[in-house]
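Numbering (the working numbering), first residue to last: 61 to 369.
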C-alpha cells in the first residue's frame, strides 16, 4: 500500500535554497542557545540524590514541589514514578553526597515537610561519576557520527558522505538547541534518544541515497536535479509511512508513558520530524551543491590488457 504514487513529480529541490537558509538559521540559533544557556543536565551527569517516595493517595506534584522549596530544596525535581502514588524526587548536590549522614539528613528533612510520604529507596550519584557519564556520553555521540560518516563514504561516494554527515550533525544539534532554549532536563534517557535519532536519520538518508544511485545508472540523460527529485518522490511513500508510524508510537509514550519518559519521547518527536526533513533537504541538497553527477556513481571501467605481441 502506498499513500503517494512513485511517479509523482513534486519539485523538492526547487525549495532547496529556502530550506538551506532555514537550516542555517535554526543551526545558528541552536548554537547560540547552547552557548548562552547551556544544557540543563540531569543528575545522571551532575551527580546528586534521588529519593523514591510512596503516598497513600494520589500525589499532588505541585504541592510536593512547593513544600520542598519551602524546606530549602529550591531546585528539587519532582516526577511521577510508576503510578500516581509513587513520586521520584531528584535533588541537585550542594555538597558531597557520598556521606551517609548527609543522605539521612536529606531524608529527615523531606519527611518533615511530607509527613505522609514513605521512603522507598534513596540513591546517590557522586559528581565524579556524573562527569564520567557526561564524558562517555559525548564520546558515544562523536563515535556514532564518525562511524556513520565512514560507512557512507565506503558504501557510496564522498559527496554523499559529506551531505549525510552534515545532516547527522544538524539533527542532534537542533534537538540540543530546543532542550537548551526551553531549559528541559537532559539526562541519560534523552542521550539515548539522541543516539537513536542519529540512527533513524541515517536510515532515511541511506534509503534515498540508494535510490539516487540506482536512478543515476538508469536515467542516463536526466540532469542530477531531476534524478534527485525523482528518487525522493519514489521513496516518499515509504518515508512518510515510516515516520508517521514511528511518530504515533512516540506520541503514545509522550502522553501515556509518564513524566520519566517525557524527555526521551520529546527528543524522539523532534528527531523524527527534523530527521525526515534533513534526509530530503540537507543531505540530498548538499550532495547536489557539491557537484554530484552521474559519472561519480558509475564504476570505473576495467582496463583490458593487450597481450598480443
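The beta-carbon is built from N, C-alpha and C at its ideal position, and this holds for glycine as well.
Quick caveat, the model's predicted, so the values are computed rather than measured.
The alpha-carbon separation between residue 107 and residue 184 amounts to approximately 7 Å. Here residue 96 is exposed, its C-beta having fewer than 16 other C-beta atoms within 10 Å. Between the C-alpha atoms of residue 145 and residue 122 there is a straight-line separation of about 14 Å. The C-alpha of residue 255 is placed about 7 Å away from the C-alpha of residue 201. The DSSP-derived three-state label of residue 146 is strand.
The Cβ atoms of residue 151 and residue 139 do not sit closer than 7 Å to each other. In this structure, the beta-carbon distance from residue 327 to residue 235 falls below 7 Å. The DSSP assignment places no complete run of the beta strand (DSSP E) inside the region 184-215 (cut-off: 3 residues). Taking the C-beta atoms as reference points, residue 287 is found nearer than 7 Å to residue 276. Between the region 212-220 and the region 291-308, the count of C-beta pairs closer than 8 Å stays below three; the two stretches do not touch.
Counting along the chain, residue 344 sits inside no beta strand (DSSP E); it lies in the alpha helix (DSSP H) bounded by residues 344-349. Between the region 327-338 and the region 242-260 there are three or more C-beta pairs closer than 8 Å, enough to call the two in contact. When Cβ pairs closer than 8 Å are counted between the two stretches, the region 67-86 is seen to touch the region 335-348, the count reaching three or more.
Between residue 100 and residue 245, the CB-CB gap stays under 7 Å. In the structure shown, residue 114 falls within a strand segment according to DSSP collapsed to helix, strand and coil. Taking C-alpha positions only, residue 78 is separated from residue 205 by approximately 26 Å. CA-to-CA, the gap between residue 116 and residue 196 works out to about 40 Å.
For the pair residue 179 and residue 259, the Cα-to-Cα distance works out to about 39 Å.
Inclusion of residue 307 and residue 313 in the CB contact set at 7 Å is not warranted, their separation being larger than that value.
Put simply, the backbone Cα of residue 283 is about 40 Å away from that of residue 94.
The beta carbon of residue 227 is closer than 7 Å to those of 261, 265, 338, 339, 342, 343 in its chain, skipping five residues each way along the sequence. Straight through space, the alpha carbons of residue 229 and residue 83 are spaced by roughly 12 Å.
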